[in-house]
Amino acid sequence: MSYQNPPTKPRPSATFDEYTMSEIRRAAATGIYDIRGAGAKRKLPHFDDLLFLGASISRYPLEGYREKCGTNVVLGSRHAKKPIELKIPITIAGMSFGSLSGPAKEALGRGATIAGTSTTTGDGGMTEEERGHSEILVYQYLPSRYGMNPRDLRRADAIEIVVGQGAKPGGGGMLLGQKISDRVAEMRTLPKGIDQRSASRHPDWTGPDDLEIKILELREITNWEKPIYVKVGGARPYYDTALAVKAGADVVVLDGMQGGTAATQEVFIENVGMPTLACIRPAVQALQDLGMHRKVQLIISGGVRNGADVAKALALGADAVSIGTAALIAIGENDPRWAADYEALHTTAAAYDDWHEGKDPSGITTQDPELMKRVDPVAAGRRLANYLKVMALEAQTIARACGKNHVHNLEPEDLCALTIEASAMAQVPLAGTSWIPGKGGY
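Structure below.
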């Protein structure tokens, strides 16, 4: 009786996996690169790779229901006559009207106001919905200059000069013609229904010396009242932070590659920039080397999801964080109740591949009048406020467990890392050791 070996199971390639092969076939069939919204989907070292070392005998914890733990933060106290005071160290990132619908922008403003924090305009100008419902509104000043005018600069509570974004440092954004409605076209002075590409750099400066001139111009326009932020994508955080500070910035916003985007090339999103976790410590080091840590505030964004992420960013030296994708999910983006509608678009509620196409079933990333009716700005604003409240409470819980009476008292010494990569990036010891890669220890 002969014995035959059973057939072996085919082994798929790790290099040419199913998704990679589907992308090759798509490119071969169409001759165009893929465009999508949101941030990097690849697995990267992130806040999940860090753990807090709670108090026991060697540290003294605070009692959660009897001892206070502060969460307030002041932004822009370096030069501005009217710095911003927030109740929580969590802000809403810039997301444009055009990319988002009017009701969505209103919901963000309502939620941020209830929670005692700020929201940000994004490319395309200031809408009355957002200004009217945002107690504290940051005005983004972008290379495109879409919707920019001195009146709105003065109506804002702070100005954020956008030099780069985490999803596409060195590149400009896109807004496809499907989302260029009459109102968006008017605000941006563009033809209706025509694809729009934003510039990758500002037209009136070529380096940090020109940035200093621009900051002074904006201070003069706003009578030195408004804090001036400078936002950079995570690429060379030490030097970019140092140059922003030397140019006169009150606040530096640093966006890692997990940060979202309205639309750009997927090859850009997945292959340009650095993980958020890798950006924080070099930026903090730059501030410390200049003697400006805590004097110039550092806001970290890109993949922040919960109070633990907030606490870890603050422990590594940030003053606040900013959320974008998480805020959209809180107000109803990618809601599974629209699963059938997402399926009809050949996607899922979890994939967020459709944000740039203007057909978003949730009504949030669209300019379709019928779809926008699905957004109740009041109810959505309450959901965002609830989410922000939970994030702040979670960060407080961790801070108390580490014996801190303010979330800003968290420090790297309260952390350890689960992986060598995270240990090297965050510059905290590998769990169970005193070893930081490149710094010795055991």
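Heads up: the sequence shown begins at 69 in my numbering, then just goes up one per residue. Backbone N, C-alpha and C fix where the C-beta goes; we use that ideal spot for every residue, glycine too.
Asked, Found
"G370 - containing alpha helix (DSSP H), residue span", "Element bounds for G370: n/a, residue is neither H nor E."
"C-alpha gap between E462 and R93, whole angstroms", "45 angstroms"
"Beta-carbon gap between H201 and G177 smaller than 9 angstroms", "yes"
"Segments of 3+ residues assigned as beta strand (DSSP E) that fall wholly inside the stretch 333-415", "365-369, 388-391"
"Cut-off 7 angstroms between Cβ atoms - residues of its own chain near D482, not counting five sequence neighbours on either side", "F120, L121, A383, C470"
"Cβ pair count under 8 angstroms reaching 3, the stretch 262-275 against the stretch 288-297", "no"
"Cβ pair A386, A467 closer than 9 angstroms", "no"
"Reference D358; option with closest CA among Y306, E334, T344, L413", "Looking at the sequence shown, residue 358 is not Asp but Leu. Of the candidates Y306, E334, T344, L413, the one whose C-alpha sits nearest the C-alpha of L358 is Y306."
"Close Cβ partners of V372 (< 6 angstroms) along its chain, the five nearest in sequence each way excluded", "V389, I391"
"Complete runs of the alpha helix (DSSP H) confined to the stretch 239-321 [at least 4 residues]", "250-256, 276-289, 305-314"
"Residue interval of the alpha helix (DSSP H) (run including I466)", "445-469"
"Buried or exposed (CB count within 10 angstroms, at least 16 for buried), S491", "buried"
"is_contact[G193, chain D] using C-beta, thresh 9 angstroms", "In summary, chain D is missing from the structure at hand, where a single protein chain is found."
"Validate contact between the stretch 441-460 and the stretch 167-182 using beta carbons, cut 8 angstroms, 3 pairs", "yes"
"Proximity below 9 angstroms, CB of I283 to CB of R222", "no"
"I182 - containing beta strand (DSSP E), residue span", "Where I182 is concerned, there is no enclosing beta strand (DSSP E), although the alpha helix (DSSP H) it sits in stretches over 170-183."
"Inter-residue CB distance, G514 and R265 (contact presumed, cutoff 8 angstroms)", "Residue 514 cannot be examined here, being either before or after the span of the chain that is shown, 69 to 510."
"Check whether N374 and C137 have beta carbons under 9 angstroms apart", "no"
"Length of the line joining the Cα atoms of A408 and D428", "12 angstroms"
"Any 3 or more C-beta pairs closer than 8 angstroms across the stretch 233-251 and the stretch 99-113", "yes"
"Same chain only: Cβ atoms within 6 angstroms of K150, ignoring 5 sequence neighbours per side", "E293"
"For A17, the first and last residue of its enclosing beta strand (DSSP E)", "Since the displayed the chain opens at 69 and closes at 510, residue 17 lies outside it and no answer follows."
"Residue interval of the alpha helix (DSSP H) (run including I92)", "86-98"
"contact_flag[the stretch 315-328, the stretch 83-102] where n(CB pairs < 8 angstroms) is 3 or more", "no"
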